[in-house]
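Engineer: Handing you this structure, nothing more for now.
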Amino acid sequence: MQNKGIIVFLTVIVTALCLYYLSFTFVSNNIQQKAQEYATDASGNVNFSKRQSYLDSIWRAPVYNFLGADYTYQEVKETELGLGLDLQGGMHVTLAVSPVEIVKGLAGNPKDAAFNKSVEEAREEAKTSTTKFVDLFYAAWQKNKPGEKLSGVFATAANRGRISLDTSDSDILGILDREIENAIERSFNILRTRIDRFGTSQPNIQRIQGSGRIQIELPGVDNQERVRNLLQGVAKLQFWEVAETNEIGGALESVNSAWVAANKSAQPVAADTVATDDLSEEDSLRNALEKQLAEIDPSNAGENNVSPLFSLLKPNAGLAYELRDTMAINRILKNTDYAALLPRDIKLMWGVKPFKANDGAETLELFAIKAVRGTDQAPLEGDVVTDARQVLDQKSRPAVSMQMNADGARKWRKLTAENIGRRIAVVLDDYVYTAPVVNGEIPTGQSEISGNFSLQEAQDLANILKSGSLPAPTQIVEESIIGPTLGKEALNQGLLSMVAGLAIVVLFMIAYYAKGGFVAIAALVFNIFFILGILAQLGTALTLPGIAGIVLTIGMSIDANVLIFERIKEELRNGVGLLAAINAGYNKAFSAILDSNVTTFLTGAILFALGQGPVKGFAIVLMIGIASSFFSAVFITRVIVSWMSKKGDNSSISFATPFSKNALSALNFDFMAKRKVAYLISTSIIVIGLGIALVNGLKFGVDFTGGRSYIVAFDEPMAASDLKSGLDREFDGSVEVKTYGSSNTLKVTTSYLVNEDDSESNLEVESKVKEGIAAVTGLTFTEDAESLTAGQFAITGSSKVGATVADDIKASSAEAMIVALVAIFLYILLRFRKWQFSLASIIALIHDTLFVIAAFAIASAFGATFEIDQVFIAALLTVIGYSINDTVIVFDRIRENIEIKGVNKLVKVFNDSINQTLGRTLITSFTTLIVVIVLLIFGGEVLRGFSFALFIGILVGTYSSVYIATPIVVDLMKRELDQENADKEAKKLA
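According to this note's numbering, the sequence shown is numbered sequentially starting from 6.
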């Protein structure tokens with residue numbers, strides 16, 4: 006075998022990298038186990054607050070040493086293979102920035118009746134429309150004030166230099182679009198700073214490109230209302246005077262002395278034990294973390310002569326500390342006894358962005374802010390800022406120009422006059438963004454802030470300063486809450502599905518392919534290992550759809566080895582020697598494996614590009630799985646088989662057992678003769694199913710219709726119909742109740758107030774659900790879902806999708822389907838050079854898609870209702886990928902046979918090709934179907950519809966590759982051949 010050394014080298018490198026990245030997961034799990042033990046009392050009850058405090062305390066402490074390199078717990082968490090919200094519980098939120106205040110603020114909040122009416126009409130229409138707010142506003146403006154230019158309301162003193170009375174409407178609309186985009190970016194940066202307060206809950210925030218929305222995931226949060234308030238609160242910009250370190254030095258000395266006295270009086274604790282009986286939670290935690298804190302500051306280990314407040318100070322940097330030490334400082338500052346020693350007119354605030362100290366360490370400054378006793382009012386509030394822009398100073402360095410209104414200019418003059426030579430802090434959400442030194446009194450409201458800014462930092466600061474005059478409130482337009490109980494159940498179901506699917510496939514492959522089966526299993530193990538390692542390397546969380554992707558990969562990755570082994574068996578039956586058969590098997594199967602993997606990879610890439618939420622997680626795993634399975638099944642197995650056959654034709658390696666040696670060989674079915682019957686059967690089933698769908702309708706999920714859903718757990722079985730009848734009265738009939746997995750868990754879905762995204766509406770709907778259930782059942786609601794007792798019920802999960810988000814999801818799903826079909830058409834055309842193959846493939850895929858939809862409708866007619874949602878779309882696209890995989894294998898053999906035999910006996914060539922690949926088709930379908938059945942049985946309610954769609958899709962995909970796609974190519978090519986023959990006859994007669 007050529008290039009064997011390169012393959013071995015690559016395998017070793019990839020394996021080593023996967024081991025390295027997965028090692029962080031083991032370290033993280035070990036630390037979390039220690040935190041769990043620390044927070045568990047003698048009765049087995051876990052104090053989650055205590056557990057979180059433990060983890061917070063070591064957040065920036067070194068906890069893992071790899072070949073001399075130290076990694077903090079934060080770095081370990083960032084590198085580990087994390088679990089998605091659906092596997093550990095938490096909160097998923099999508100926020101939309103409200104453009105209404107931006108438009109009003111830019112116009113100076115005028116009293117113009119037509120303007121305000123246009124804004125309100127646009128606000129109402131935006132609740133159900135995906136059109137940009139600015140376009141809706143302009144359409145309303147043209148209706149309410151026809152012929153009037155926008156400059157009449159936007160040409161204000163604050164906009165001087167940007168908008169005049171001569172500015173065109175299109176230019177003003179462009180300015181509005183840019184300001185709204187700036188507001189979205191500003192909100193994104195503010196929210197990113199806010200969610201960092203959740204520490205080790207490993208929050209994730211990202212912008213959804215093209216939508217103006219911001220998506221946030223907060224694993225493990227247990228106070229959803231606090232999160233909602235934090236995320237939806239308007240940013241508060243303020244200007245404060247800064248007290249220098251020497252002004253509060255005495256107070257800091259007092260805190261240090263108190264800390265030293267308290268720690269000298271504390272009883273010594275053994276280095277490897279934790280004493281908690283007679284100490285406060287904070288003190289016991291400090292002792293439990295003594296080792297980690299010693300690593301942070303070795304000079305202070307075991308000594309209590311000076312507090313971390315002084316010992317951890319960065320030299321020559323003022324009141325500044327390394328980023329990893331801020332937790333230790335915060336523990337001191339949050340202690341009420343120590344805080345009482347600070348002056349009452351001083352507030353300590355951290356800088357928002359770390360800087361590099363002289364030794365290169367990431368460092369944060371702690372600012373002493375001068376406050377007025379008894380009030381939180383700053384000397385100057387941010388709402389006086391009318392404009393801020395990034396400019397260049399006199400030395401051509403990035404700076405920020407800031408303009409204030411008349412009231413702000415007056416206060417700013419007084420504030421700067423009193424603080425010449427001192428610093429004034431620009432504070433947002435209690436974080437200091439900058440604290441420039443005042444060089445002199447600023448008599449006007451025009452100021453310039455200069456410093457060691459990069460261009461991006463100056464732009465960000467200018468954007469932040471606009472948050473006073475152009476507030477950008479955010480609204481939650483999509484929300485999903487998964488309780489820890491639901492997450493743990495989903496994790497167990499996912500792991501059970503993966504293990505069961507793997508075990509069944511292993512047994513079958515060994516029973517059917519003997520030693521070749523062991524080779525295929527080795528490739529499968531490498532494949533799963535590579536998937537997990539690469540996911541960890543990419544920092545991608547493993548979700549339940551991701552596990553479904555792995556389970557599906559288990560079935561699909563066998564396909565390449567089945568192709569190769571069937572080819573080898575075919576060569577051996579033709580009398581070829583073992584080594585020659587192995588070489589021929591790998592060579593002849595390669596093009597089919599490549600084509601089938603590329604087409605499936607294309608669907609995964611399209612899912613990733615156009616999908617949202619759980620669909621993206623599934624797509625990532627699918628793409629990684631396809632790439633790693635191609636490498637492991639084609640190249641790694643080649644190395645193993647080469648080693649096992651090193652004795653030549655006398656080697657003992659075998660690719661069949663006695664019962665499978667001649668199984669599915671020498672088949673001679675006339676599939677083409679039955680194609681019209683197949684056309685009729687398919688058409689009938691699809692028509693019946695779509696007819697039922699038109700009459701009864703399909704059950705669309707919340708992410709397609711908009712609305713709110715709640716997972717409700719009871720301590721005993723509950724009839725969905727009884728609960729629905731009672732809830733109908735609460736929601737005027739706009740409610741649906743169904744069993745969710747087990748008989749004591751129900752899913753309540755309602756479209757009540759679907760167009761309202763405010764917190765009051767959310768509370769109203771949730772209250773109605775609770776009150777309605779209590780009224781119908783006589784049970785009482787409890788927050789503790791993990792310990793339900795008789796007479797109680799709990800909400801273990803919930804989700805909310807706004808109407809506009811639902812429209813976007815439907816649009817992106819339709820776009821994904823269309824793009825997938827076009828991409829596959831073009832690829833098949835490129836590879837097979839005949840449009841008949843491409844067209845037949847697309848017709849077969851449309852057939853498969855309609856068949857699955859029809860099956861859902863028919864199943865609902867028999868009482869088995871499955872939701873059409875994002876995960877269903879992922880299943881449909883997977884079916885497309887799987888079906889085209891099957892079809893390409895047959896097409897590849899057809900192409901090979903046409904090259905050998907020509908097209909004179911077209912029907913026979915096609916029949917022979919199907920018969921020759923039928924063994925591979927049935928074996929691959931069987932192994933994949935086994936895995937999907939396992940998913941259907943053990944995958945849980947979340948994946949029930951997904952698994953059912955795959956189950957139907959694999960059956961119909963196998964059927965369509967034989968009875969739909971290939972026969973259509975025959976019919977299309979026969980017309981072409983008949984035309985060619987007719988042309989030849991005409992030429993002869995001429």
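Glycine included, every Cβ here is placed at the ideal spot set by N, Cα and C.
Check tyrosine 964 in the structure and name its three-state DSSP category.
Structural biologist: Helix at tyrosine 964.
Engineer: Measuring straight from C-alpha to C-alpha, what distance separates phenylalanine 842 and tyrosine 832?
Structural biologist: About 11 angstroms.
Engineer: Return the residue from the list Leu615, Val936 and Thr45 that minimises the CA-CA distance to leucine 501.
Structural biologist: The candidate whose alpha carbon is nearest that of leucine 501 is Val936.
Engineer: Looking only at its chain, what residues have a beta carbon closer than 8 angstroms to the beta carbon of isoleucine 429, apart from the 5 residues adjacent to it on each side?
Structural biologist: Hits under 8 angstroms: Phe244, Trp245, Glu246, Val247, Leu420, Thr421, Ala440, Pro441 and Val443.
Engineer: Just to confirm, is the Cβ distance from methionine 649 to isoleucine 658 under 8 angstroms?
Structural biologist: Yes. Within cutoff.
Engineer: Tell me which same chain residues have a C-beta within less than 6 angstroms of the C-beta of threonine 870, skipping the five on either side of it?
Structural biologist: Excluding positions up to five away in sequence, the list reads Lys704.
Engineer: Which partner residues of glutamate 80 appear in the DSSP bridge assignment?
Structural biologist: BP columns for glutamate 80 are empty, so no partner.
Engineer: Residues in the same chain with beta-carbon distance under 7 angstroms from alanine 505, minus the five sequence neighbours each way, listed in chain order, please.
Structural biologist: For alanine 505, where only same-chain residues beyond five positions count, the Cβ hits under 7 angstroms are Val939 and Phe943.
Engineer: Aspartate 388 to leucine 347, Cα distance in whole Å?
Structural biologist: Going by the C-alpha atoms only, they are around 30 angstroms apart.
Engineer: What are the start and end residues of the alpha helix (DSSP H) that includes isoleucine 63?
Structural biologist: Looking at the DSSP string, isoleucine 63 is not in any alpha helix (DSSP H), and its letter there is neither H nor E.
Engineer: With a threshold of 6 angstroms on Cβ separation, who are the neighbours of asparagine 149 within its own chain once the five nearest residues in sequence on each side are excluded?
Structural biologist: Here the set comprises Ala119, Lys122 and Ser123.
Engineer: Is DSSP giving serine 455 helix, strand or coil here?
Structural biologist: The answer is strand: DSSP assigns serine 455 an E or B state.
Engineer: Compare the Cα-Cα distances from tyrosine 25 to each of Leu72, Ile11 and Leu60 and report the closest residue.
Structural biologist: The option with the nearest alpha carbon to tyrosine 25 is Leu72.
Engineer: Residues in its own chain within less than 7 angstroms of methionine 409 by CB, not counting five upstream and five downstream?
Structural biologist: If we look at methionine 409 and ignore the five residues flanking it on each side, its Cβ neighbours are Val389, Val390, Thr391, Trp417 and Gly450.
Engineer: Considering only C-alpha positions, which residue in the set Asp434, Gly950 and Gln395 is nearest to leucine 460?
Structural biologist: It is Gln395 whose Cα lies nearest to the Cα of leucine 460.
Engineer: Under three-state DSSP, which class holds glutamate 462?
Structural biologist: Three-state result, glutamate 462: helix.
Engineer: Which residues in the same chain have their Cβ closer than 6 angstroms to the Cβ of threonine 250, if we skip the five residues on either side of it in sequence?
Structural biologist: Closer than 6 angstroms at Cβ, skipping near neighbours: Gly323 and Leu324.
Engineer: By the DSSP assignment, the alpha helix (DSSP H) with arginine 925 in it spans what residues?
Structural biologist: Unbroken alpha helix (DSSP H) run through arginine 925: 911 to 943.
Engineer: Between the Cα of asparagine 913 and the Cα atoms of Ile885, Ala866 and Pro972, which residue gives the shortest distance?
Structural biologist: This sequence places lysine at residue 913; asparagine is not what is there. Minimum Cα distance to lysine 913 is reached at Pro972.
Engineer: Cβ of valine 967 within 8 angstroms of Cβ of leucine 911?
Structural biologist: No; because the gap between Cβ atoms is not below 8 angstroms, this pair is not in contact.
Engineer: Just mark glutamate 872 as buried or exposed, buried being the case when its beta carbon has 16 or more other beta carbons within 10 Å.
Structural biologist: Classification of glutamate 872: buried, given that the 10 Å Cβ count is 16 or more.
Engineer: To the nearest angstrom, how far is it from the Cα of isoleucine 486 to the Cα of glutamate 741?
Structural biologist: Roughly 19 angstroms separates the two Cα atoms.
Engineer: Can you list, in chain order, the residues of its chain with a C-beta nearer than 7 angstroms to that of glutamate 85? Leave out the 5 residues immediately preceding and following it.
Structural biologist: For glutamate 85, where only same-chain residues beyond five positions count, the Cβ hits under 7 angstroms are Phe29, Thr30, Ser33 and Ala541.
Engineer: Near tyrosine 518, what residues of its chain come up, given a Cβ to Cβ distance below 6 angstroms and the 5 sequence neighbours on each side ignored?
Structural biologist: Excluding positions up to five away in sequence, the list reads Phe570 and Phe660.
Engineer: Between the C-alpha atoms of threonine 854 and arginine 713, what's the straight-line distance to the nearest angstrom?
Structural biologist: Roughly 28 angstroms separates the two Cα atoms.
Engineer: By the 10 Å Cβ neighbour count, where 16 or more other Cβ atoms means buried, how is glutamine 79 classified, buried or exposed?
Structural biologist: Buried, by the Cβ-count rule.
Engineer: Whole angstroms is fine: what's the gap from asparagine 424's alpha carbon to isoleucine 481's?
Structural biologist: Going by the C-alpha atoms only, they are around 41 angstroms apart.
Engineer: Report the residue from Phe159, Gln220 and Lys815 whose alpha carbon sits nearest the alpha carbon of histidine 97.
Structural biologist: It is Gln220.
Engineer: Can the beta-carbon of proline 403 be found less than 8 angstroms from the beta-carbon of phenylalanine 458?
Structural biologist: Contact: yes.
Engineer: What separation, rounded to the nearest whole angstrom, lies between the Cα atoms of threonine 77 and tryptophan 64?
Structural biologist: Using only the alpha carbons, I get a separation of about 7 angstroms.
Engineer: Measuring straight from C-alpha to C-alpha, what distance separates serine 562 and phenylalanine 531?
Structural biologist: Taking the straight line from one Cα to the other gives about 11 angstroms.
Engineer: Is there a Cβ of chain D sitting closer than 8 angstroms to that of glycine 694, yes or no?
Structural biologist: In the structure shown, chain D does not exist; there is a single protein chain.
Engineer: Does threonine 794 pass the burial test, meaning 16 or more other C-beta atoms within 10 Å, or should it be called exposed?
Structural biologist: The residue is exposed, with fewer than 16 neighbouring Cβ atoms inside 10 Å.
Engineer: Which partner residues does glutamine 211 have in the DSSP bridge list?
Structural biologist: Per DSSP, Gln220.
Engineer: Output the boundary residues of the alpha helix (DSSP H) element that contains proline 313.
Structural biologist: 313 to 316 is the span of the alpha helix (DSSP H), which, as asked, contains proline 313.
Engineer: Taking only three categories from DSSP, how would you classify serine 406?
Structural biologist: Looking at serine 406 - three-state DSSP - the assignment turns out to be strand.
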